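The structure under discussion appears below in the form of structure tokens.
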Amino acid sequence: MDGVRERTGLRKVESRASITEADDLDLSRLLERPRLKLERKRSFDERSLSDHAAAGSLQPVDSYESMLSLGAMRSVLDTPTSSAHNSFEPHPMVAEAWDALRRSIVLFRGHPVGTIAAYDHASEEVLNYDQVFVRDFVPSALAFLMNGEPDIVKNFLLKTLQLQGWEKKIDRFKLGEGVMPASFKVSHDPIRKTDNLTADFGESAIGRVAPVDSGFWWIILLRAYTKSTGDSALAESPECQRGMRLILALCLSEGFDTFPTLLCADGCSMIDRRMGIYGYPIEIQALFFMALRCALSMLKQDAEGKEFIARIVKRLHALSYHIRSYFWIDFQQLNDIYRYKTEEYSHTAVNKFNVIPDSIPDWIFDFMPARGGYFIGNVSPARMDFRWFALGNCVAILSSLATPEQSVAIMDLLEERWDQLVGEMPLKIAYPALESHEWQIVTGCDPKNTRWSYHNGGTWPVLLWLFTAACIKTGRPQIARRAIDLAENRLSKDGWPEYYDGKLGRYIGKQARKFQTWSIAGYLVAKMMLEDPSHLGMISLEEDKAMKPPIKRSASWTI
Ligand code: GLC
Numbered sequence: 101m102d103g104v105r106e107r108t109g110l111r112k113v114e115s116r117a118s119i120t121e122a123d124d125l126d127l128s129r130l131l132e133r134p135r136l137k138l139e140r141k142r143s144f145d146e147r148s149l150s151d152h153a154a155a156g157s158l159q160p161v162d163s164y165e166s167m168l169s170l171g172a173m174r175s176v177l178d179t180p181t182s183s184a185h186n187s188f189e190p191h192p193m194v195a196e197a198w199d200a201l202r203r204s205i206v207l208f209r210g211h212p213v214g215t216i217a218a219y220d221h222a223s224e225e226v227l228n229y230d231q232v233f234v235r236d237f238v239p240s241a242l243a244f245l246m247n248g249e250p251d252i253v254k255n256f257l258l259k260t261l262q263l264q265g266w267e268k269k270i271d272r273f274k275l276g277e278g279v280m281p282a283s284f285k286v287s288h289d290p291i292r293k294t295d296n297l298t299a300d301f302g303e304s305a306i307g308r309v310a311p312v313d314s315g316f317w318w319i320i321l322l323r324a325y326t327k328s329t330g331d332s333a334l335a336e337s338p339e340c341q342r343g344m345r346l347i348l349a350l351c352l353s354e355g356f357d358t359f360p361t362l363l364c365a366d367g368c369s370m371i372d373r374r375m376g377i378y379g380y381p382i383e384i385q386a387l388f389f390m391a392l393r394c395a396l397s398m399l400k401q402d403a404e405g406k407e408f409i410a411r412i413v414k415r416l417h418a419l420s421y422h423i424r425s426y427f428w429i430d431f432q433q434l435n436d437i438y439r440y441k442t443e444e445y446s447h448t449a450v451n452k453f454n455v456i457p458d459s460i461p462d463w464i465f466d467f468m469p470a471r472g473g474y475f476i477g478n479v480s481p482a483r484m485d486f487r488w489f490a491l492g493n494c495v496a497i498l499s500s501l502a503t504p505e506q507s508v509a510i511m512d513l514l515e516e517r518w519d520q521l522v523g524e525m526p527l528k529i530a531y532p533a534l535e536s537h538e539w540q541i542v543t544g545c546d547p548k549n550t551r552w553s554y555h556n557g558g559t560w561p562v563l564l565w566l567f568t569a570a571c572i573k574t575g576r577p578q579i580a581r582r583a584i585d586l587a588e589n590r591l592s593k594d595g596w597p598e599y600y601d602g603k604l605g606r607y608i609g610k611q612a613r614k615f616q617t618w619s620i621a622g623y624l625v626a627k628m629m630l631e632d633p634s635h636l637g638m639i640s641l642e643e644d645k646a647m648k649p650p651i652k653r654s655a656s657w658t659i
């Protein structure tokens with residue numbers, strides 16, 4: 101076994117919940133990591149919104165019947181034995197991936213603080229790929245946590261927290277206090293013999309957009325760290341509590357908003373170039389929802405904490421209702437929108453955002469299967485962006501923003517439209533691609549985002565971890581297995597590219613980096629989760645039954 105450990109780069113191999121044992125586990129037990137000596141303090145997974153309501157932060161809310169799907173239960177039972185088999189016969193790529201991941205570690209004054217975006221020696225253009233990106237570090241962090249190496253994650257969380265405290269300016273304009281950097285760079289000063297840090301909050305980024313997702317990922321990672329190590333002291337420290345409050349203050353502030361979703365500029369997330377995701381992109385809304393739920397589980401009930409808890413609880417109710425109702429599309433809903441009346445006024449309006457049916461793109465009528473559904477890319481006045489975005493939908497499943505029925509439907513869609521959404525390499529970041537005139541107008545003629553490339557319908561192996569987690573949560577690990585097999589056919593041979601191009605994701609991306617760290621870490625996380633589904637608890641939140649499900653359209657959406 102030690103030989104295996106060495107070869108695979110695994111430092112510790114701890115007792116796993118074997119697949120056969122799992123037969124008598126239920127999902128909630130599965131989601132708790134068996135090996136953790138977690139203090140049995142109630143986490144948010146157990147602390148529901150109604151608890152907060154009972155604590156005085158909100159009026160009591162109605163609860164509704166548990167809709168925990170059979171699918172979720174199947175997650176344990178269906179896990180293929182082949183994945184258990186893999187723990188004895190590790191795929192040679194696993195060892196290679198660990199080596200590559202370790203090579204990407206960045207030290208600051210002797211301590212590991214993150215991983216660089218890409219370790220591509222062949223590439224002449226370094227750009228900012230030699231930096232530690234907050235979003236890119238998430239899969240690396242999960243891999244380290246799953247392997248029992250939490251120190252680098254703790255250092256990263258603390259280092260980024262310090263950076264949050266820096267004054268951030270773009271030209272003469274000062275950014276909000278809570279903004280977390282998109283990335284930071286460690287450079288060595290050979291004269292003073294010390295390491296220095298520089299951070300980018302959007303002031304150097306292409307397009308000069310601040311990363312809205314960084315703060316959310318930071319909170320999500322803090323919870324993952326706490327869940328995995330059982331060390332709640334970090335999250336409870338005054339610094340972390342303050343850091344969370346600063347992030348929350350940015351996105352919970354009241355203004356002109358009429359929607360509970362968060363208004364964003366284009367390019368503020370993983371898709372960090374103009375791609376027509378301005379407005380209320382699902383990618384950000386799902387992360388926002390998840391971060392709010394994670395923060396709720398970690399905020400202390402002190403005077404300042406209480407105020408935020410109350411605001412979060414209210415926002416979660418409104419946000420879940422809004423997204424579950426208005427972002428959701430399936431065959432029935434598409435047909436309803438297709439028949440919408442327009443120019444309705446007042447509270448009785450069915451077509452609340454005045455979406456003109458003629459604006460529905462042709463492709464979606466063929467794409468929509470009879471079974472399945474998903475959260476569309478964006479909803480704002482007279483605008484529904486019907487594109488599919490993988491990250492937003494997977495995060496919606498993991499955070500339980502999607503109801504159990506919606507989660508099942510998203511997985512159905514993925515299975516029904518496998519060729520389009522997965523193809524020959526997992527996973528398409530967005531579908532379909534913008535082409536021709538639309539590409540010119542929406543992307544501003546971006547030569548990197550040509551059709552079926554990069555963010556515009558390109559394929560990003562990093563998404564494999566999110567997809568695998570969603571598959572396990574919805575009881576379909578065999579689908580994840582299929583996707584991992586595809587990745588194993590090519591990833592290592594191709595040098596771990598950042599992205600692939602083409603309708604089927606068959607070609608290495610035009611300008612893709614090689615040895616892209618999150619492609620490597622994403623693969624490792626997917627493998628480890630499939631082997632030991634209890635890891636899922638780190639990045640998954642169970643359904644909160646106190647959150648009201650959307651009112652059934654059939655009852656409320658007919659005039
Ligand atoms: C690109 C991606 C972005 C990623 C960065 C570093 O800019 O669009 O999502 O964080 O590269 O890998």
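Under our numbering, the first residue of the sequence shown carries the number 101, and numbering increases by one thereafter.
Beta carbons: idealized from backbone N, C-alpha and C, even for Gly.
Only a predicted model underlies this, so the values are computations on that prediction, with no experimental measurement involved.
- Taken atom to atom, the span from the alpha-carbon of residue 581 to that of residue 448 is near 47 Å.
- Cβ-Cβ distances below 7 Å link residue 558 to 529, 552, 599, 600, 601 and 609 in the same chain, with the five nearest sequence neighbours on each side left out; the list follows chain order.
- Exclusion of the five residues before and after residue 483 leaves 379, 453, 455 and 459 as the residues of its chain whose Cβ lies within less than 8 Å of its Cβ.
- If you compare the alpha carbons of 309, 500, 563 and 300 with that of residue 377, the shortest gap goes to 309.
- In this structure, 323 is the residue among 323, 438, 328 and 297 with its C-alpha nearest to the C-alpha of residue 336.
- Its Cα nearest to that of residue 278, the residue 312 stands out among 312, 298 and 590.
- In the DSSP annotation of this structure, the continuous segment of the alpha helix (DSSP H) that includes residue 192 starts and ends at 192-203.
- Exclusion of the five residues before and after residue 437 leaves 455, 457 and 460 as the residues of its chain whose Cβ lies within less than 7 Å of its Cβ.
- Around the beta carbon of residue 296, fewer than 16 other beta carbons sit within 10 angstroms, so the residue counts as exposed.
- Residue ranges of uninterrupted alpha helix (DSSP H) with 4 or more members, entirely inside the stretch 411-489 and ordered along the chain, are 431-438 and 463-467.
- If you ignore the 5 residues before and after residue 276, its C-beta comes within less than 7 Å of the C-beta of 350, all in its own chain and listed in chain order.
- Membership of residue 561 in any beta strand (DSSP E) is not indicated, and neither H nor E is assigned to it by DSSP.
- Here residue 539 is not near residue 622, since their CB atoms are 8 Å or more apart.
- Excluding five sequence positions before and after residue 422, the CB atoms of its chain that fall closer than 8 Å to its own CB belong to 359, 360 and 361, given in chain order.
- Closest by C-alpha distance to residue 495, out of 307, 228, 210 and 641, is 641.
- Counting only runs of 3 or more residues that sit fully inside the stretch 268-327, the beta strand (DSSP E) segments are 283-289 and 294-300, in chain order.
- If you check the C-beta of residue 235 against ligand 1, you find a heavy atom less than 7 Å away.
- Between the stretch 220-229 and the stretch 202-212, the count of C-beta pairs closer than 8 Å stays below three; the two stretches do not touch.
- Assignment of beta-bridge partners to residue 238 by DSSP yields no partner.
- For residue 623, the CB stays at least 7 Å from every heavy atom of ligand 1.
- Here residue 530 is bridged, per DSSP, to 489.
- CA-to-CA, the gap between residue 213 and residue 252 works out to about 5 Å.
- Between ligand 1 and residue 628, a heavy atom-to-CB distance of less than 7 Å is absent.
- Here the stretch 574-594 makes contact with the stretch 617-636; the two share three or more CB pairs at distances below 8 Å.
- Note that the stretch 516-531 does not touch the stretch 396-405; fewer than 3 beta-carbon pairs, one per stretch, sit closer than 8 Å.
- Going by DSSP, residue 381 is part of no alpha helix (DSSP H) at all; its letter is neither H nor E.
- When secondary structure is reduced to three states using DSSP, residue 522 falls in the coil class, being assigned neither helix nor strand.
- Exclusion of residue 219 from the 7 Å shell around ligand 1 follows from its C-beta lying no nearer than that to any non-hydrogen atom of the ligand.
- Here residue 243 really is in contact with residue 628; their C-beta atoms are around 7 Å apart, less than 8 Å.
- Using a Cβ distance threshold of 8 Å, residue 367 and residue 430 do not count as a contacting pair.
- Annotation for residue 229 indicates a beta carbon within 7 Å of some heavy atom of ligand 1.
- Shown here for residue 236: same chain residues with a beta carbon closer than 7 Å to its own, the five before and five after excluded, namely 217, 617 and 618 in chain order.
- Between residue 284 and residue 232, the C-beta spacing is below 8 Å.
- Within 7 Å of the C-beta of residue 372 there is at least one heavy atom belonging to ligand 1.
- Separation of the CB atoms of residue 548 and residue 373 is rounded to 7 Å, and the pair is thereby assigned contact status at 8 Å.
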